[in-house]
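The numbers in the sequence shown follow this note's numbering, run straight up by one, and end at 299. The next block holds one structure in the form of structure tokens; read it before the comments.
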Amino acid sequence: MTRGPRDGWVTAPDGTRIAYRDHGGDGPGLLLLHGGGANLESMDQWADRFRATRRCVAVDLRCCGQSDDVAHFSLTEAAEDLDAVVDHLALGPVDVLGHSMGGFVGGFYGTRHPESRIVSIDGFGPGTVTVGSDAERAEFGAFQASMREQFFAMTAPPDRGDDAWRDAQVDALCALFPAIGYTAPNARAMAARNFVVAQDGTFRRRPPRHLFADAFADDGAADILRMYRHTSGPALIVRCTESGAPAVLDTELDGLCAENPHITVLRLPLTHLAPAWDAIDEVAHHAARFLATAT
Numbered sequence: 005m006t007r008g009p010r011d012g013w014v015t016a017p018d019g020t021r022i023a024y025r026d027h028g029g030d031g032p033g034l035l036l037l038h039g040g041g042a043n044l045e046s047m048d049q050w051a052d053r054f055r056a057t058r059r060c061v062a063v064d065l066r067c068c069g070q071s072d073d074v075a076h077f078s079l080t081e082a083a084e085d086l087d088a089v090v091d092h093l094a095l096g097p098v099d100v101l102g103h104s105m106g107g108f109v110g111g112f113y114g115t116r117h118p119e120s121r122i123v124s125i126d127g128f129g130p131g132t133v134t135v136g137s138d139a140e141r142a143e144f145g146a147f148q149a150s151m152r153e154q155f156f157a158m159t160a161p162p163d164r165g166d167d168a169w170r171d172a173q174v175d176a177l178c179a180l181f182p183a184i185g186y187t188a189p190n191a192r193a194m195a196a197r198n199f200v201v202a203q204d205g206t207f208r209r210r211p212p213r214h215l216f217a218d219a220f221a222d223d224g225a226a227d228i229l230r231m232y233r234h235t236s237g238p239a240l241i242v243r244c245t246e247s248g249a250p251a252v253l254d255t256e257l258d259g260l261c262a263e264n265p266h267i268t269v270l271r272l273p274l275t276h277l278a279p280a281w282d283a284i285d286e287v288a289h290h291a292a293r294f295l296a297t298a299t
């Protein structure tokens, strides 16, 4: 029977508390993972499109939304958090759909769970390409650096304050969203969820700056596609070709497909944030077809 949504928390093996939203729905489990700077609110629209056939559960990745902060963010630990959610809700084998940061966390989950189908929507994280000329690799490195600078601009100090500070921060985020292409109707709810109440009654902003400051170095940041190299189950990577990423990324993806037959790459003429709302129906169509047929 379809039910939900219900919010809850589960504690990961290292003690980090992970927030989730169980949207209910009929069918096998589908984990929904948000992008960097966002939280599980941004996946509500994905749950709306899948819960007729799937049990949809969205997760606040560690350091994001209402989940706990940690001193150092690890992609592999973020993927392990999903096991805690799956076990807590007794979901059984699940598939994963993630956008941006959620996509490459999904890639690490797929490495651990070959029975799972993974849909990664423009999920290319910290690191650089391993192919191309020196000039092409330098161009890609500059692109990655510009992405980090945009994130740092959104998380400028101070990172804590009172009610008035929180409200002003939410207003500032909502003013910024249209300029970067995020126009979802629940944008304000998503922005508000990025502020956590501390014990002293003040608010702390999520995600913290250190989420990207150290570039997840303990996960092997040299290789941008490291999270897909060893997947042995079906994985669909949606490459948004209007994201601004240099063309050498396509050379890297072609090499990945040649070395790993479990990977499928779908190129769509979209900006990076278009799948979050403007193009969600188009991308959901491709994702649903892949999840229904991939073996």
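All C-beta atoms, glycine included, are put in the ideal place defined by N, C-alpha and C.
The beta carbon of Ala83 lies closer than 6 Å to those of Val109, Phe112 and Tyr113 in the same chain, with the five residues before and after it left out. With a beta-carbon spacing of about 17 Å, Trp13 and Leu36 fall beyond the 8 Å limit used to define contacts.
Boundaries of the beta strand (DSSP E) harbouring Ile241: Ala239 to Cys244, taken from the DSSP string. Pairing Phe155 with Gly248, the inter-Cα distance amounts to about 16 Å. Taking a cut-off of 8 Å for Cβ pairs, the region 64-79 and the region 194-202 touch, as three or more such pairs fall below it. The region 78-118 contains, as complete alpha helix (DSSP H) runs of 4+ residues, the segments 79-92 and 105-116 (chain order). Contact check for Arg233 against Asn264 passes: the beta carbons are separated by less than 8 Å.
Pairing Gly29 with Pro118 gives a Cβ-Cβ distance that is not under 8 Å.
Pairing His103 with Gly39, the inter-Cα distance amounts to about 5 Å. Exclusion of the five residues before and after Ala16 leaves Ile22, Arg66, Glu81, Glu84, Asp85 and Ala88 as the residues of its chain whose Cβ lies within less than 8 Å of its Cβ. Counting only the Cα atoms, Leu95 lies some 16 Å from Ala56. For the pair Pro189 and Glu140, the Cα-to-Cα distance works out to about 38 Å. Looking at the backbone, the Cα of Asp99 and that of Ala42 are separated by about 21 Å. Counted as a single uninterrupted DSSP element, the stretch harbouring His38 is not any alpha helix (DSSP H), since DSSP gives it neither H nor E.
The Cβ atoms of Gly127 and Gly107 sit closer than 8 Å to each other.
Of Gly19, Val174 and His289, the smallest CA-CA separation from Arg208 is found for Val174. Thr255 places its beta carbon 8 Å or farther from that of Pro273. Boundaries of the alpha helix (DSSP H) around Arg53: Asp48 to Phe54. For Met105, the closest alpha carbon among the candidates Asp138, Leu260 and Asp64 is that of Asp64. For Thr134, same chain residues with a beta-carbon under 6 Å away, outside a window of 5 residues either side, are Asp227 in chain order.
In this structure, the beta-carbon distance from Val61 to Arg25 falls below 8 Å. DSSP, reduced to helix, strand and coil, places Cys261 within a helical segment of the structure shown.
Within a 10 Å sphere around the beta-carbon of Pro161 sit fewer than 16 other beta-carbons, which makes this residue exposed.
Excluding five sequence positions before and after Gly31, the CB atoms of its chain that fall closer than 7 Å to its own CB belong to Thr57, Arg58 and Arg59, given in chain order.
Under DSSP, Val269 takes part in a beta bridge, and its partners are Ile241. From the listed residues Arg271, Leu260, His266 and Ala193, the smallest Cα separation to Asp48 is found for Ala193. Distance from the Cα of Ala298 is smallest, within the candidate group Arg121, Leu253, Asp91 and Ser78, for Arg121. Comparing alpha carbon positions, the residue from Pro97, Leu101 and Thr20 closest to Leu44 is Leu101.
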